[in-house]
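Participant: Residue numbers (this note's numbering), protein chains in the order written: chain R, 1 to 229; chain L, 1 to 114.
Yeah, the Cβ is synthetic: ideal placement off N, Cα and C, and Gly gets one too.
None of the values given here were measured: they were computed from a predicted structure.
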C-alpha cells in the first residue's frame, strides 16, 4: 500500500482562479480588447445604464456584452436591440462568474475582434467580489433606493472595484440618500475609488462616466500605461 | 450558492496538486477559514460531501475546517479587538476608523493523501 503523506499547500482557495484571471488579461492585452466587469445588486438599473453607455460609445468602439444570469435571456434580448453583439451566460445556479466561465464567454462572443466587452455579472454584492474574472477594470453600481450605507454592509466589493456608479440620482429627492455619506463610506474602504453619480433616465452625469470608460479603453488597447496604476 | 463555487475551486486545486505529485487517493483536505470570510462551514461541508463523489481522486475525502478568528485594528487608538463581538466601532475608544487585520482568509492549508 502507498504511504500516506501530508502535502502542504498554504495558498488561497482563489489562487488558481487568480492565476487564470491574469492569463485572461494577458490575452486581452494581446488582442487589444478591454473587459469591464460590472457588478451590482439586482434591480440597480444595470441593464438600462448599460444600454445608455452603449449608445454613447458604439460609434467609437466595437462593443460586446456578456449577460450573466442564473437563468433566462431577458437581458441579452434587451441589449441585442442596441445593435451590439451580445450573449447570455447561464451560471446554472451559481451566484458568481469565475475566470473559467468568463474565458468561455469571451471565446463564444468572439472577443478578439471587439474593442470593449462588458460583462454584466450576477446581481449580487457578495460572491462576485471574491472571484477575479480577468477583467481589466471592475465597476459597481449602487442605486439610490438601495441606501447610502451599502459600503458599510458589503465592504469587500467596494475594495475590489475601480469605479462606483451611483445610479438613479433623479429619484434622490424621494429617498433619504446622502451622497456625501456614500462617498465618505466608500472612500474609507477604497481611497482610490472613482465615483460617478448618474441618471440613465435623464442623462445627468452620464457624460463623465462614459468619458472615463472611453479613456480606459483607449489606454489599454493602445498600450499606454494607465494613470491609475 | 457561494459555498458550492468555493468547493469546486478547492477540488480543482487539489486535483492539480494531485497530478503534480502523482497522488492516487486524497483522504483529507484542511481548509483555514476566517470567521468573517462569508462562507458557512456547515454549508461548505455539505457541498463538499456532494461534490467529492464525482472526483476519482477525492472520493470519500474529508474536509476539515480550521477557523481563524476575526480581529479588527482601530487606527485611532491602535488597539485590536474581536470583530464578531464588537463589529465596526472600536469598543475601546468608539472610533469608526477600523479595519480587519485577520478573519477574511480562505486558505487551502494541506492535504493528506497517498
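Confirm the yes/no value for this check: CB of residue 133 (chain R), any heavy atom of the ligand SAM, distance under 7 Å.
Facilitator: Here there are no bound small molecules, and the ligand SAM is not part of this structure.
Participant: Using a Cβ cut-off of 8 Å, pull out every chain L residue sitting near residue 4 (chain R), in sequence order please.
Facilitator: Here residue 4 (chain R) refers to the residue found at position 4 of the first chain. Those are 27, 112, 113, 114, listed as they occur along chain L.
Participant: Pick helix, strand or coil for residue 176 (chain R), following the three-state DSSP scheme.
Facilitator: Position 176 of the first chain, counted from the start, is the residue given in the question as residue 176 (chain R). It is coil, neither helix nor strand.
Participant: Please go through the segment 85-156 of chain R and give each complete alpha helix (DSSP H) segment of 4 or more residues, from N-terminal end onward.
Facilitator: If we require 4 residues or more, the alpha helix (DSSP H) runs fully inside the segment 85-156 of chain R come out as 99-109, 150-153.
Participant: Going along chain R, which residues have a C-beta under 8 Å from residue 10 (chain L)?
Facilitator: One-based indexing of the second chain puts residue 10 (chain L) at position 10. 13, listed in chain order.
Participant: Among residues of its own chain, excluding the 5 on either side of residue 67 (chain R), which ones have a beta-carbon nearer than 6 Å to its beta-carbon?
Facilitator: Your numbering for residue 67 (chain R) matches position 67 in the first chain. Here residue 67 (chain R) has 75, 76, 88, 120 as same chain residues with Cβ atoms under 6 Å from its own Cβ, once five neighbours each way along the sequence are excluded.
Participant: Can you list, in chain order, the residues of its chain with a C-beta nearer than 7 Å to that of residue 8 (chain L)? Leave out the 5 residues immediately preceding and following it.
Facilitator: Counted from its first residue, the second chain places residue 8 (chain L) at position 8. So the qualifying residues of the chain are 51.
Participant: Looking at the structure shown, is residue 6 (chain R) part of a helix, part of a strand, or coil, going by DSSP?
Facilitator: Taking the first residue of the first chain as 1, we reach residue 6 (chain R) at position 6. Here residue 6 (chain R) sits in strand by DSSP.
Participant: Just checking: is the beta-carbon of residue 184 (chain R) within a distance shorter than 8 Å of some beta-carbon in chain L?
Facilitator: In the first chain, the residue the question calls residue 184 (chain R) occupies position 184. Chain L contact via Cβ: absent.
Participant: Looking at chain R, is there any beta carbon in it that lies within less than 8 Å of the beta carbon of residue 6 (chain L)?
Facilitator: Residue numbering aside, residue 6 (chain L) sits at position 6 when the second chain is read from its first letter. Yes, because at least one Cβ of chain R sits closer than 8 Å to the Cβ of residue 6 (chain L).
Participant: I believe residue 162 (chain R) touches residue 138 (chain R) by the beta-carbon criterion, under 8 Å. Please report the beta-carbon distance rounded to the nearest angstrom.
Facilitator: Locating residue 162 (chain R) in the first chain gives position 162, counting from the first residue. Locating residue 138 (chain R) in the first chain gives position 138, counting from the first residue. With 8 Å as the limit, residue 162 (chain R) and residue 138 (chain R) qualify as a contact, their Cβ atoms being about 6 Å apart.
Participant: Does the beta-carbon of residue 6 (chain R) have 16 or more other beta-carbons within 10 angstroms, so that it is buried, or is it exposed?
Facilitator: Counted from its first residue, the first chain places residue 6 (chain R) at position 6. Exposed.
Participant: Drop a sphere of 10 angstroms on the beta-carbon of residue 197 (chain R), count the other beta-carbons inside from all chains shown, and report buried for 16 or more, exposed for fewer.
Facilitator: The count along the first chain starts at 1 and reaches residue 197 (chain R) at position 197. Buried, because 16 or more other Cβ atoms sit within 10 Å of the Cβ of residue 197 (chain R).
Participant: Would you mind sorting residue 53 (chain L) into buried or exposed? The rule is 16 or more other CB atoms within 10 Å of its CB.
Facilitator: Here the question's residue 53 (chain L) lines up with position 53 in the second chain. Under this definition residue 53 (chain L) is an exposed residue.
Participant: Closer than 8 Å, CB to CB, is residue 38 (chain L) near chain R or not?
Facilitator: Locating residue 38 (chain L) in the second chain gives position 38, counting from the first residue. Judged by the 8 Å Cβ criterion, residue 38 (chain L) is in contact with chain R.
Participant: What residues in its chain sit with their C-beta under 6 Å from that of residue 127 (chain L), if we drop five residues either side in the sequence?
Facilitator: Nothing can be reported for residue 127 (chain L): it is not among the residues displayed for chain L, which extend from 1 to 114.
Participant: Report the rounded CA-to-CA distance for residue 109 (chain R) versus residue 19 (chain L), giving the unit in angstroms.
Facilitator: Walking along the first chain from the start, residue 109 (chain R) turns up at place 109. Walking along the second chain from the start, residue 19 (chain L) turns up at place 19. Using only the alpha carbons, I get a separation of about 32 Å.
Participant: What are the start and end residues of the beta strand (DSSP E) that includes residue 79 (chain L)?
Facilitator: Sequence index remark: in the second chain, residue 79 (chain L) carries index 79 (1-based). Run containing residue 79 (chain L): none; DSSP gives neither H nor E here.
Participant: Assuming residue 33 (chain R) and residue 132 (chain R) make a contact with CB atoms under 8 Å, what is their CB distance in whole Å?
Facilitator: Position 33 of the first chain, counting from 1, holds the residue named residue 33 (chain R). Position 132 of the first chain, counting from 1, holds the residue named residue 132 (chain R). With 8 Å as the limit, residue 33 (chain R) and residue 132 (chain R) do not qualify as a contact, their Cβ atoms being about 17 Å apart.
Participant: What residues in its chain sit with their C-beta under 6 Å from that of residue 65 (chain L), if we drop five residues either side in the sequence?
Facilitator: Sequence index remark: in the second chain, residue 65 (chain L) carries index 65 (1-based). Closer than 6 Å at Cβ, skipping near neighbours: 31, 33, 41.
Participant: Any beta carbon from chain L within less than 8 Å of residue 229 (chain R)'s own beta carbon?
Facilitator: For the purposes of this step, residue 229 (chain R) is taken as residue 229 along the first chain, with counting starting at 1. At residue 229 (chain R) the pLDDT is 45, less than 50, meaning the model places this residue with poor confidence; the figure from the coordinates comes in the next sentence. Taking Cβ atoms only, chain L never reaches closer than 8 Å to residue 229 (chain R), which makes this a no.
Participant: How long is the line joining the alpha carbons of residue 157 (chain R) and residue 113 (chain L), rounded to whole angstroms?
Facilitator: Here residue 157 (chain R) corresponds to residue number 157 of the first chain, with the count starting at 1. Here residue 113 (chain L) corresponds to residue number 113 of the second chain, with the count starting at 1. Residue 157 (chain R) and residue 113 (chain L) have their C-alpha atoms spaced approximately 36 Å apart.
Participant: For a cutoff of 8 Å on Cβ pairs, would you count residue 67 (chain L) as touching chain R?
Facilitator: On the second chain, position 67 is the one that residue 67 (chain L) refers to. No, because no Cβ of chain R sits closer than 8 Å to the Cβ of residue 67 (chain L).
Participant: Determine the contact status of residue 70 (chain R) and residue 90 (chain R), defining contact as a CB-CB distance below 8 Å.
Facilitator: As a position in the first chain, residue 70 (chain R) is number 70, starting the count at 1. As a position in the first chain, residue 90 (chain R) is number 90, starting the count at 1. Yes.
Participant: Apply the 10 Å Cβ neighbour rule to residue 100 (chain R) and answer buried if 16 or more other Cβ atoms are within range, or exposed otherwise.
Facilitator: Against the first chain, residue 100 (chain R) aligns to sequence position 100. The residue in question, residue 100 (chain R), is buried, as its Cβ has 16 or more Cβ neighbours within 10 Å.
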